[in-house]
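One structure below.
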Amino acid sequence: MGPFPTLHPPDPSPEEAAAIQTRLRASLRLERPVGAIRRVAGCDVAYDEDERRLFAAVVVIDAADPELPTLEEASVVGEPAFLYVPGLFSFREVPPILAALERLAGDVDLLIADGHGICHPRGFGLACHLGLAADRPTIGCAKTHLVGAWDEPAPTRGAASPIVGPDGDELGRVVRTRDGVRPVFVSPGHLIDIESSADWVVRLAARFRLPEPIRRADARCREDQRRARGSR
DNA sequence: GCGACAG
DNA sequence: ATCTTGTCGC
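In our numbering, the protein residues as written are 3 to 234.
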């Protein structure tokens, strides 16, 4: 799929990047998706120990099949063009993820990113940036908390509690995908709402803590990384 | 001033 | 993210 439009000038300074997030935030649409969702792509990025190289991968699964079979996958090797700064994470990972998406033969109906969506200091996390650039419904599913107040959900699969922002507004949900495991932090990125985002994450994480598409993308990143290591 | 801080 | 040992449990 792609190519994708440019959302902002290249190589912004940290201050400019924060301003870009604040500006782009107004373009987000957080409504329930209208069309059928079948091809769901998980996205992830891995780094070498010295962070001089990165490996981005996307894995597309068939959400219409209960077995969630892999339909297609693609990946790229590259170099980080932005430092890791909490809050500016998307400027580091969106470029390589888009590059991987461009290598897919087919289109996707939904993206799931390994990070937050609107549950972010300026309401514009990785899933927002990625979703806006790709113009596809995108969910943010993070393993740890970033911003917002929340209570521990019940210890059973499917339990969830709201993540509340400074103004008392709901930003996302803390979702328990499996009995007795740590919950994940879910928030919409673009073209999807909080409710649907939480539902999709539970549905796609039937066997493990993280949604299947993200797990497979993570596995693909590691495979590529392993190959690159072995051949040098 | 101090702690928190996606990957 | 990555590094890194053992340990508990299915």
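Yeah, the Cβ is synthetic: ideal placement off N, Cα and C, and Gly gets one too.
Can you list, in chain order, the residues of its chain with a C-beta nearer than 7 Å to that of residue i? Leave out the 5 residues immediately preceding and following it.
i      : result
His147 : Phe187
Thr179 : Arg159, Val186, Val203, Val204, Ala207, Arg211
Ser29  : Leu134
Ala219 : Gly44, Cys45, Asp46, Ala59, Val60, Val61
So what does DSSP say about residue i, is it helix, strand or coil?
i      : result
Ile194 : coil
Thr242 : The question about residue 242 has no answer, for the chain in this structure spans 3 to 234.
Val204 : helix
Glu214 : helix
Glu74  : strand
Leu38  : The sequence given here places Ala at residue 38; Leu does not occur at that position. Ala38 falls in the coil class under three-state DSSP.
Val96  : helix
Hey, out of the options, whose CA is closest to residue i's CA?
i      : options                        : result
Leu56  : Ile99, Ala38, Asp181           : Ile99
Ser198 : Pro35, Leu173, Gly119          : Pro35
Asp64  : Gly44, Glu51, Gly232, Asp181   : Gly44
Asp116 : Glu81, Phe91, Gly232           : Phe91
Asp153 : Glu172, Asp137, Gly142, Ala136 : Glu172
Leu193 : Glu74, Ile114, Leu32           : Leu32
Taking 8 Å as the cut-off, decide whether the C-beta atoms of residue i and residue j are in contact.
i      : j      : result
Leu128 : Glu95  : yes
Gln1   : Ala76  : The structure shown does not extend to residue 1, since the chain is modelled only from 3 through 234, so no value can be given for it.
Ser163 : Pro155 : yes
Ile165 : Cys130 : no
Ala200 : Arg175 : yes
I'd like the list of long-range same chain contacts for residue i, defined as Cβ closer than 6 Å, with 5 residues on each side in sequence excluded.
i      : result
Arg41  : Val62, Val110, Asp111
His10  : Ile22
Phe84  : Phe93, Arg94
Arg105 : Ala76
Taking the beta carbon of residue i as the centre, do at least 16 other beta carbons fall within 10 Å, making it buried, or is it exposed?
i      : result
Pro213 : buried
Thr140 : buried
Val87  : exposed
Pro7   : exposed
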